[in-house]
Structures are given as structure tokens and as C-alpha cells.
Amino acid sequence: MANPVPMAEIWRGAFLESVHHGHAVICDESGQIVQAWGDPHAVVLPRSSSKMLQALPLVESGAADAFGLGQEQLALACASHQGAAIHTDRVRAWLDHIGKSDDDFRCGAQEPSDKDAREALIRGFEQPCQYHNNCSGKHSGFLTLTRHLGAGPEYVDPSHPVQAACLEAFEDVTGATSPGFGIDGCSAPNHATTLHGMARAMAFFAAAEEGQGARASAAARLRNAMVAYPELVAGEGRACTELMRAMNGRVALKTGAEAFFIAIIPERKLGVALKITDGTTRGAECAIAAILVKLGLLEADHPATLKRMNTPIRNWNGIETGALRPASALL
Numbered sequence: 001m002a003n004p005v006p007m008a009e010i011w012r013g014a015f016l017e018s019v020h021h022g023h024a025v026i027c028d029e030s031g032q033i034v035q036a037w038g039d040p041h042a043v044v045l046p047r048s049s050s051k052m053l054q055a056l057p058l059v060e061s062g063a064a065d066a067f068g069l070g071q072e073q074l075a076l077a078c079a080s081h082q083g084a085a086i087h088t089d090r091v092r093a094w095l096d097h098i099g100k101s102d103d104d105f106r107c108g109a110q111e112p113s114d115k116d117a118r119e120a121l122i123r124g125f126e127q128p129c130q131y132h133n134n135c136s137g138k139h140s141g142f143l144t145l146t147r148h149l150g151a152g153p154e155y156v157d158p159s160h161p162v163q164a165a166c167l168e169a170f171e172d173v174t175g176a177t178s179p180g181f182g183i184d185g186c187s188a189p190n191h192a193t194t195l196h197g198m199a200r201a202m203a204f205f206a207a208a209e210e211g212q213g214a215r216a217s218a219a220a221r222l223r224n225a226m227v228a229y230p231e232l233v234a235g236e237g238r239a240c241t242e243l244m245r246a247m248n249g250r251v252a253l254k255t256g257a258e259a260f261f262i263a264i265i266p267e268r269k270l271g272v273a274l275k276i277t278d279g280t281t282r283g284a285e286c287a288i289a290a291i292l293v294k295l296g297l298l299e300a301d302h303p304a305t306l307k308r309m310n311t312p313i314r315n316w317n318g319i320e321t322g323a324l325r326p327a328s329a330l331l
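Position 286, counted from 1, in the sequence shown is what my numbering calls 286; the numbers after and before it change by one each time, with no gaps.
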């Protein structure tokens, strides 16, 4: 088993102060590894980077079409949004459309990370609701599928038909039996796989086209929704949104908690999965940016890139004290 390798570095002046180690895999549509760093067989919890996989049953079951869901809803089903009005207004309308309410969610209330939304709650002496939860789009998809299947209300239970469908889809597109699951921040099961398995799944999404079968058609629709509405997948100022915009919709990106990141590259039919082992977001954002630059998909001097790679670090006086840089292995 290979050890994690340096992927992002913090320099202070001439001194290497900190290093973020990790693993990454680029996979082609046949499931073969094109390039890898660290251990491609490392078992990982992909966290929110697996939301597209969890949304597959929503589309391929016919539930999305039965309830007239469009690209905005499909993008939200894959989202880790920040609770801005553009997110919560759509989630609430989705709930109304399927005859459900905030009380039907099982994701838990979360204070929005969007500054305007958070301050509006404070000014109104209001508490956050479950629709503010960054995973409320995914859970709206779960509720829609629950209604379509006529299943019970506890849709996050691992034995529930919704979660059984998610596991079947997850294992199919990763190409491996999951060794188990952890409970995610939104209370849904999050299944483990290898880093190679996640990259294989992302390559499946990259190569998928509508009309190739229910699963491939679902994958293509979800991927296309993400790149059509990058602002719904994350939000203003967030890496997923800004980097997708920087690449003009050529790549779908999705972060996951504890420094996971994936990329779906349709024009190359490639999938990328990476994990920074210390769980630090800045390391994952720097590493995914470096890989996308290496592949010729992201401009190294684009402002969205420079926020996350070769990024100056300044102190409170505005003095440049160092930089966040990709490690040499990624260059």
C-alpha cells in the first residue's frame, strides 16, 4: 500500500512550513487508471462528492420526470449549497411541489453559511430551518423518490428503499462492493469505496450520454445540470462554483467534507477523485486546481485558480508572508 504523497504546500518566506499529503486518481471510461498519486486503493468516505451517485435513483426511477423536475432541481440534488436565497427559495418551492414541508426533512437545521441569509435570520430573530441545510437539495431528491416509491418517511434509514437504491447505484458505478458506511453530517448513510472506485464512477459520469440506458441517461442529466447551474451546486465565492465557471462548463466539480474533491471531464471521458488525508479544505482545493491546470482545462492565471493555487498569504498589515502552492508531484 502506497503512502500519501505531498500535494499542497504552505511556504513562509524561504521555509516550507506545512505540507498537505493525499491521494488522487485519474480514471478513463474503461475504468483504467490514467495517473495516480499516493494509494489508489485507499478506502475513503467520499462525503458530499458522492451526491451525484445518490441522485441517480431519483432520475433513473422516473421520479424526476414524474414530478416535472428540471435542471435546477437536479443541480440542487447534487449540491452542497450555502443556504442563500437562490438555494432556499428553490428548495422550498420544490417541497411545496411534492406536497412536503420542512418537517419531512431528516437532514437537521443548519445555520446558512451565506452572510446575507444568516444576517437576515439574526435581524428577524429567527432560527435556521432544515431547508437551510447545505444538503437540503439532496434530501429534496430523497423525499421525491420516497413519494414516487410510496415508501415510509424515515428515508435516511440504511434499510429504507431510497437508501437501498442509492447503495445499488453506488456499487454499480464505482465497480466495487462497499465495505460499509458512515453517517454523514445530514444523517444519510455515506458509503465507502476506494479512491479508484470514485474516479471510476466519475469517469462513468464523464462518458455518459442520454439514450445509452436509464443509468447513463441519468448520469448525463445530472452532470449537465451541474455545469448549467454552478451557482446552485455551491454558491458565490465557493470553489466548485468559481472553478466550473472558469472552465466554461467543460468540467463538473464537487467537493466533499474532510478534503475530498472530484472532477468529471466529459470531453476527455475522464474522472478524477482526490483526498487530502489531514481533512483540510485548502489542500484539496489547491490539489484539484493543480490537476485541472495540468490537464489543460483550467488557466493557471485565472482569478478563480489564483485564489486556491499559487495563492499569496498576507498578514494583517497586508504584507505578503508566503504562499499556498501545489507540491512538485502535481506539476
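Built from N, CA and C at the ideal position, the CB exists for glycine as well.
(request) Reducing DSSP to helix, strand and coil, say where tryptophan 11 ends up. (result) strand
(message) If the criterion is Cβ atoms closer than 8 Å, does the pair glycine 180 and alanine 257 meet it?
(response) no
(request) Can you have a look at tryptophan 37 and say buried or exposed, based on whether 16 or more other CB atoms are within 10 angstroms of its CB? (result) With 16 or more other Cβ atoms within 10 Å, it is buried.
(request) With distances taken Cα to Cα, identify the nearest neighbour of glutamine 35 among Ala199, Ala228 and Asp114. (result) Ala199
(message) Measuring only the C-alpha atoms, how far is methionine 309 from serine 113?
(response) 23 Å
(message) With DSSP as the reference, identify every bridge partner of serine 18, one or two as the case may be.
(response) Ile10
(message) Which of the three DSSP states is assigned to tryptophan 316 in this structure?
(response) If DSSP states are grouped into helix, strand and coil, tryptophan 316 belongs with coil.
(message) For the pair the region 190-208 and the region 229-236, tell me if three or more CB-CB distances fall below 8 Å.
(response) no
(request) Between the Cα of alanine 75 and those of Ser217, Glu320, Asp278 and Asn224, spot the shortest distance and give me the residue it belongs to. (result) Nearest C-alpha to alanine 75: Asn224.
(message) From the DSSP secondary-structure annotation, give me the bridge partner or partners of aspartate 28.
(response) Leu270
(message) Less than 8 Å between the beta carbons of aspartate 89 and leucine 95, yes or no?
(response) no
(message) Within the continuous alpha helix (DSSP H) that includes phenylalanine 170, where are the two ends?
(response) 161-174
(request) May I ask which residues mark the beginning and end of the beta strand (DSSP E) holding glycine 182? (result) 181-183
(message) Can you confirm whether the region 146-157 touches the region 170-177 when touching is taken to mean that 3 or more C-beta pairs between the two stretches lie within less than 8 Å?
(response) no
(request) For leucine 342, count neighbouring Cβ atoms within 10 angstroms of its own Cβ and tell me buried if that reaches 16, exposed if not. (result) The structure shown does not extend to residue 342, since the chain is modelled only from 1 through 331, so no value can be given for it.
(request) Kindly give me the distance between the Cβ atoms of leucine 222 and valine 5, rounded to whole angstroms, as I take these residues to be in contact under 8 Å. (result) Contact flag wrong, Cβ pair sits at about 31 Å.
(request) Kindly indicate which three-state DSSP category glycine 38 falls into: helix, strand or coil? (result) Judged by DSSP in its simplified three-state form, glycine 38 adopts coil rather than helix or strand.
(request) With lysine 254 as the anchor, note down where its beta strand (DSSP E) starts and where it stops. (result) 252-256
(request) Return the CA-CA distance between alanine 192 and phenylalanine 261, expressed in angstroms with no decimal places. (result) Roughly 14 Å separates the two Cα atoms.
(message) Determine whether the beta carbon atoms of glycine 99 and methionine 202 lie at a separation below 8 Å.
(response) Taking 8 Å as the cut-off, the Cβ atoms of glycine 99 and methionine 202 do not count as close.
(request) Quick one: residues in its chain with C-beta nearer than 7 Å to the C-beta of alanine 93, no 5 flanking neighbours on either side, listed in chain order? (result) So no residue of the chain qualifies.
(message) By the DSSP assignment, the alpha helix (DSSP H) with phenylalanine 125 in it spans what residues?
(response) Segment: none, phenylalanine 125 is in no alpha helix (DSSP H) and carries neither H nor E.
(message) If you measure between the beta carbons of isoleucine 33 and valine 25, is that distance less than 8 Å?
(response) yes
(message) Could you tell me the alpha carbon to alpha carbon distance between proline 230 and alanine 84, rounded to whole angstroms?
(response) 14 Å
(message) Can you list, in chain order, the residues of its chain with a C-beta nearer than 7 Å to that of serine 136? Leave out the 5 residues immediately preceding and following it.
(response) Contacts found: Val91, Phe105, Cys107 and Gln130.
(message) Quick check: does the Cβ of aspartate 157 come within less than 7 Å of any heavy atom belonging to the ligand ATP?
(response) Because no ligand of any kind appears in the structure shown, any question about the ligand ATP cannot be addressed here.
(request) Kindly list the residues whose CB is nearer than 6 Å to the CB of proline 266, restricted to its own chain and excluding five residues on each side of it in sequence; keep chain order. (result) Apart from the 5 residues on each side of it in sequence, proline 266 sits with its Cβ closer than 6 Å to the Cβ of Ala206 in its chain, given in chain order.
(message) Within the continuous alpha helix (DSSP H) that includes alanine 63, where are the two ends?
(response) 63-66
(message) If the criterion is Cβ atoms closer than 8 Å, does the pair alanine 287 and proline 326 meet it?
(response) yes
(request) Count the other C-beta atoms from every protein chain shown that fall within 10 angstroms of the C-beta of glutamate 320, then say buried if there are 16 or more, exposed otherwise. (result) Glutamate 320 comes out exposed.
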